[in-house]
Each structure stands twice: as C-alpha cells, then as structure tokens.
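Note sheet for the following structure.
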Amino acid sequence: MSSISKLKTIFNYPLVKILIGALYPLGFSPIDIWQATLLSLGLLVYLIIDTYHFNRNLHIPEERTLVKKAIISTCFFWGVGAYGVGTSWVYVSIHEFGNAALPLAVLITALFVLVLTMVKVGFGYLIHQLVSLCGKSFLILIIPFAWVVSEFVLSTLFNGFPWLLAGYSQMDGPLVSLATWFGVYGVGWFMLAIISVSIVLGECLFALYKINQSVDPSHQSALKSIRNKSFMILLIIMSFPLSSYLMQPEEIIPQEKVSLDVALVQPNISQDKKWKREYFSEIIDTLYLQTNEHWDADLIVWPEGAIPAYKHQVYDVFADIERKLKPSQSNLLAGVPIYDRDKNVSYVGFSAVGNSNLTYHKQALVPFGEYVPLAQMLRGVIDFFDLPMSNFIPGSSQQPAMSFEHYDVIPAICYEIAYPNLLQTMLKQADEKSNKPKLIVTVSNDAWFGDSLGPFQHMQMARMRALELGIPLIRSTNDGITAVVDAKGRQLAQLERHTQGTLRYRVSLDGFNTLYRQYGFLGLYLILSLSCLFFVVASVIRLRSKPLK
C-alpha cells in the first residue's frame with residue numbers, strides 16, 4: 008500500500024474525523040489561528056470530494072447509498088469535533104450557573120452538540136442530493152452552496168444559534184474585507200469555494216503527474232484536457248485574493264468630524280449575587296462607584312441587566328442618575344428589565360437617561376436564560392429550567408434606532424450581536440431617516456460563560472458587526488470583555504475580564520459606506536441564485552442525456 012493510500016485510510020477513522028473537526032474552533036477567538044479553521048474545512052472537503060472520486064459508479068443505486076452514508080458519516084464525526092470543542096462553554100453555563108449535576112450537565116451539553124452536528128449532517132445530505140441531480144463535476148459550486156445553507160439553518164432553527172460561523176475565523180485573516188460586501192455568511196461561501204477549487208486543482212495536478220509518468224500514448228489527450236482544466240482553476244484561485252483586496256469599502260466623509268467621549272462601565276458583579284434582593288444596594292453602589300469620575304462623559308454605558316430590578320421599581324435611581332447627568336448634558340444607557348403593566352409582559356430592556364429618555368426592548372432572546380421553550384413541560388424539572396428572570400418576551404422587530412441629538416445608536420443586547428440581519432435592518436432604517444453618524448452600542452453579561460471560550464467568541468462577533476456595517480462599536484459587559492472597536496473591526500481598547508473598571512475613550516464616529524450596510528445579503532443571495540440556476544440547467548442536461556430504458 009502506498010503512503011497516500013495509508014493516509015487516506017487513516018482519515019477514514021471516526022476518531023480522526025472528530026480530531027479534524029476539533030481543529031475548526033481554533034480559528035476563532037481567543038486562539039485566532041485562522042489557518043487551523045481552513046485546514047479543518049480543507050480536510051473535510053477533501054474527504055467529501057475524494058469519496059465521490061473513489062466511487063465512480065454513482066449510477067448504481069447501491070453505490071449511491073454507500074456514498075451517501077460515507078458523506079453523512081464524515082460530516083457527523085466532523086461536527087462532533089467542531090461543536091464539542093467550540094461550544095464547550097455551554098457546559099459551564101449549565102453546570103456552574105444552572106446548578107445541574109455533573110452527569111446531567113454533560114448529557115444536556117451532549118444533546119446540544121448533537122443538535123448542532125445534525126445541521127452539518129444536513130450539509131452532507133444536501134451535497135449528495137445535488138450531486139445526484141447535477142453530477143460531481145459541480146462539486147466546487149455545490150459544497151460552498153450547501154455550507155451557506157447549513158449556516159442559515161443553524162442561525163434560524165429553534166430561534167437560531169448563529170455561533171461559530173466560518174466567516175468569523177477570518178476576522179484577522181486575508182478574506183475579511185469580503186464581509187463588507189457579502190456579510191459573514193458570504194465570507195464562509197468564499198472560504199469553502201476557495202478550498203473546493205484548490206482541492207480539485209490539487210487532484211488535477213496529481214493526475215498530471217501520474218500521466219507524465221506514464222508512457223502510454225493514449226493518455227496524451229487526457230493530459231491536454233487536465234492541463235487546460237488546471238490552468239482555468241488556477242486563474243479562479245488567483246482571483247479570490249485580488250477580489251478581496253479590491254473590495255475595500257468607501258469611507259464616508261462627514262461635513263465635520265464627530266467624536267464621542269464614552270465611559271464604559273464593567274462592574275464585575277458575581278452572577279450568584281445578581282438577582283438576590285439583599286445585594287441590590289451593593290450592586291447599585293458598585294455601579295455608582297465606577298461612574299463617579301465619569302459623569303461628564305458624553306455617553307456612559309452600563310452593561311446588560313446592570314440594574315437588578317424592574318424599571319418601574321427603581322424610578323428613584325433613575326431620577327438620581329438624571330440629576331448627576333444634568334450639569335454636563337450627558338446621557339447614560341443602562342440595561343434594565345422592563346414590565347409592561349398594560350400587556351402584563353416583561354422585556355429585557357435598554358434605557359437611556361439624560362437628554363433623551365429612550366427605551367429599547369431586546370428582540371432575540373436566549374433560550375432558557377431569558378425564556379423557556381415548552382415552559383409548561385420543563386419548568387420545575389431542574390434548576391436550569393427555572394432560572395431567575397427567565398420569563399421575558401421578545402420586543403418588536405420594528406423598533407427604530409435610539410436617536411440622540413448628534414448621533415444615532417444601534418442597540419444590541421447580548422445575544423443580538425450574533426444576528427447580522429437584525430442590526431443591518433435597523434441601521435438601514437436609521438440611514439434613511441437621518442445622516443447623523445451612527446454607533447453600535449452592545450451590552451452583555453458574559454458571566455454566564457465562566458472561564459471558557461464563550462466571551463472571546465462573543466467579542467469576535469461584535470467586531471464582525473462593526474466591520475460589516477462600517478460603523479464603530481462600543482461594548483459594556485458585566486465582567487468582560489468591555490471594549491471599543493473602530494469601523495474596520497479593529498479592537499482599539501479593552502478592559503480585562505474579571506476586573507472592575509471603567510473604560511474611558513474618545514470614539515471617532517467616522518464610518519464606511521459598505522455594500523452590506525446598504526443591501527444586506529443581496530450580493531450573497533445573487534451568488535446563491537446563480538448557483539441554483541447552474542444546478543437546474545445541469546440537472547436538466549443530465550436528465551436529457553440519460554438513455555431511454
């Protein structure tokens with residue numbers, strides 16, 4: 008057996024496929040080795056393509072069934088590795104803060120990983136169905152198409168979990184500027200397209216090498232065909248980095264430069280104390296202590312759920328804050344739950360105090376943390392299904408941006424920063440109403456993640472939103488990462504995790520007019536639509552070319 012054959016045999020072991028999947032999260036924060044994600048995806052795509060090339064008799068039903076099982080098996084084990092490592096922080100939330108016993112926490116986490124893995128099984132299944140329709144010659148289009156579809160499903164199924172999307176791994180990689188045109192999903196499409204094309208090119212070059220070693224004259228026509236194919240594929244590969252370089256967004260030149268003096272408070276309140284009545288005064292005192300030297304800032308931001316009581320219960324606190332802000336005409340944004348007496352419902356809220364008394368209600372809620380699916384069945388079963396303050400409803404999807412005198416704020420509470428469409432829609436509406444500078448303000452309480460990968464992955468997503476939309480972002484969290492990000496997604500300043508402090512920074516509100524900001528995923532939808540057109544044409548031609556029985 009040749010060394011190449013031995014290597015292929017090793018790759019087919021389930022444990023090896025799991026390890027290949029485990030490389031995938033290494034490209035995300037805090038590790039940030041984007042090459043590891045490319046390698047993981049490259050090996051996954053190689054295993055898929057090689058399965059089709061090894062099994063050439065796809066017209067035989069039994070052979071097709073074997074290939075389908077092999078593809079689905081590969082995607083399953085890869086998914087176990089990718090999500091088992093990448094979303095391991097879920098265990099921390101369930102065990103340490105949901106008070107679930109260790110075996111139960113492991114079981115729930117395993118089920119969660121299994122659900123995410125099944126989305127990648129769907130990725131493999133979709134590939135096989137499209138290959139059956141169009142033929143394996145279209146794999147370089149089918150694989151990136153199926154990948155993006157799987158990421159869309161991941162982001163919408165059961166309220167969505169848009170985590171570990173491939174494009175985030177390029178935040179500090181060479182393809183990141185594509186996000187300003189196609190968004191994070193589009194970056195994923197280009198990653199899979201480049202990988203697929205590169206692997207096909209590699210197979211062509213290997214075939215050329217084998218033919219060159221052969222003395223059989225009948226191979227010369229095949230040699231010419233493969234050379235032409237290799238040349239075309241090489242041109243395609245070279246066009247990707249060139250396109251990424253050329254797709255730099257146009258800077259918005261304002262009539263006058265606008266900057267904002269911000270103070271981002273990180274109180275570092277223990278999650279155990281958060282909703283216990285006896286600690287209310289201590290928590291408010293901590294917030295005041297962190298803010299006392301910064302009442303003169305243009306904008307002060309307290310994190311998600313900073314005030315552990317409903318807004319109507321603490322009007323005295325808000326009145327006192329307003330008095331402190333009045334001399335400098337400042338504004339403060341604070342996370343606070345809001346109860347609507349008329350509707351008898353509660354919202355996760357974000358309220359402004361000062362010159363503008365605005366309120367925003369969170370739209371994308373965290374399952375089990377802020378609402379419980381199937382609540383009538385699950386409430387009371389275990390502590391994790393009965394967490395405090397987990398009975399909220401989502402806010403309206405028609406809420407406008409928070410408009411201040413000289414700038415507009417695009418708010419995002421915690422989990423919402425993971426939803427690119429949500430912020431793009433709100434920003435587009437704000438752009439249509441005014442030409443004031445825009446700023447993303449996101450608040451979070453990442454104490455739920457503990458000492459895990461979660462807070463760093465969350466911060467990376469916030470950076471991507473700033474880059475996609477071409478506007479700066481400020482982020483205030485309970486225990487980190489509190490940070491300032493510019494309109495190119497670069498992190499300019501931050502506070503370390505698990506520390507108390509206030510980040511004071513003068514933020515430039517200069518922005519970029521990105522294609523994604525104006526049109527959202529229109530560019531990506533165009534690519535996917537053209538792919539579908541190719542699939543339809545290819546399947547029709549394939550059906551017509553089949554001999555009549």
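Counted the way my numbering counts, the sequence shown spans residues 8 to 556.
All C-beta atoms in this analysis are idealised placements derived from N, C-alpha and C, irrespective of residue type, glycine included.
Given the structure is predicted, the values throughout are model-derived calculations rather than measurements.
- Ser441 carries a coil assignment under DSSP once its states are collapsed to helix, strand and coil.
- Rounded to whole angstroms, Pro274 and Arg472 show a C-alpha spacing of 25 Å.
- When secondary structure is reduced to three states using DSSP, Asn166 falls in the helix class.
- A direct Cα-Cα distance of roughly 52 Å separates Arg513 from Ile78.
- With a beta-carbon spacing of about 6 Å, Ala304 and Ser337 fall inside the 8 Å limit used to define contacts.
- Secondary structure of Arg348 (DSSP, three-state): coil.
- For Gln406, no beta strand (DSSP E) encloses it, and the DSSP letter there is neither H nor E.
- The shortest C-alpha to C-alpha distance from Val156 to any of Glu103, Val87, Ile478, Gly195 is the one to Gly195.
- Straight through space, the alpha carbons of Ala107 and Leu51 are spaced by roughly 35 Å.
- By the criterion of a C-beta distance shorter than 6 Å, Glu69 is surrounded by no residue of its chain, once the five residues flanking it on both sides are discounted.
- Note that the segment 323 to 331 does not touch the segment 280 to 288; fewer than 3 beta-carbon pairs, one per stretch, sit closer than 8 Å.
- Distance from the CA of Gln467 to the CA of Leu510, rounded to the nearest whole angstrom, comes to 19 Å.
- Note that the C-beta distance between Ile290 and Pro310 is not below 7 Å.
- Counting along the chain, no alpha helix (DSSP H) covers Phe456, and no H or E run does either.
- Per DSSP, reduced to three states, the secondary structure at Asp415 is strand.
- Look at the beta carbons and you see the segment 435 to 450 not touching the segment 494 to 503: under three pairs across the two are nearer than 8 Å.
- With respect to the C-alpha of His60, the residue from Leu146, Phe197, Leu533, Glu158 having the closest C-alpha is Leu146.
- Check the Cα spacing between Ile56 and each of Val74, Leu46, Gln42: the tightest is with Val74.
- With fewer than 16 other beta carbons inside 10 angstroms of its own, His505 counts as exposed.
- In the assembly as shown, Asn485 is a buried residue. Its beta-carbon has 16 or more other beta-carbons within 10 Å.
- Straight-line spacing of the CA atoms in Val491 and Val265 works out to 16 Å.
- Of the residues Ile420, Pro37, Ala494, Ser47, the one whose Cα lies closest to the Cα of Phe18 is Ser47.
- In this structure Val126 is in contact with Val160, their Cβ atoms being roughly 5 Å apart against a cut-off of 8 Å.
- Separation of Ala408 and Leu480 (C-alpha to C-alpha, rounded to the nearest whole angstrom) is 14 Å.
- Boundaries of the alpha helix (DSSP H) around Asp323: 322 to 332.
- For His368, there is no enclosing alpha helix (DSSP H); the enclosing beta strand (DSSP E) has its first and last residue at 366 to 368.
- Under DSSP, Val491 forms a beta bridge with Ile481, Ala500.
- Secondary structure at Gln507: coil, using DSSP grouped into helix, strand and coil.
- Annotated as proximal: Ser483 and Val272, with beta-carbon spacing under 7 Å.
- Secondary structure of Asn275 (DSSP, three-state): coil.
- Inter-residue distance for Val204 and Met198 is about 10 Å (C-alpha atoms, whole angstroms).
- About 15 Å separates the CB atoms of Gly88 and Gly49; that is not less than 8 Å, and the two are not in contact.
- In this structure, Asn520 and Gly477 form a Cβ contact; the two beta carbons are roughly 6 Å apart against a cut-off of 8 Å.
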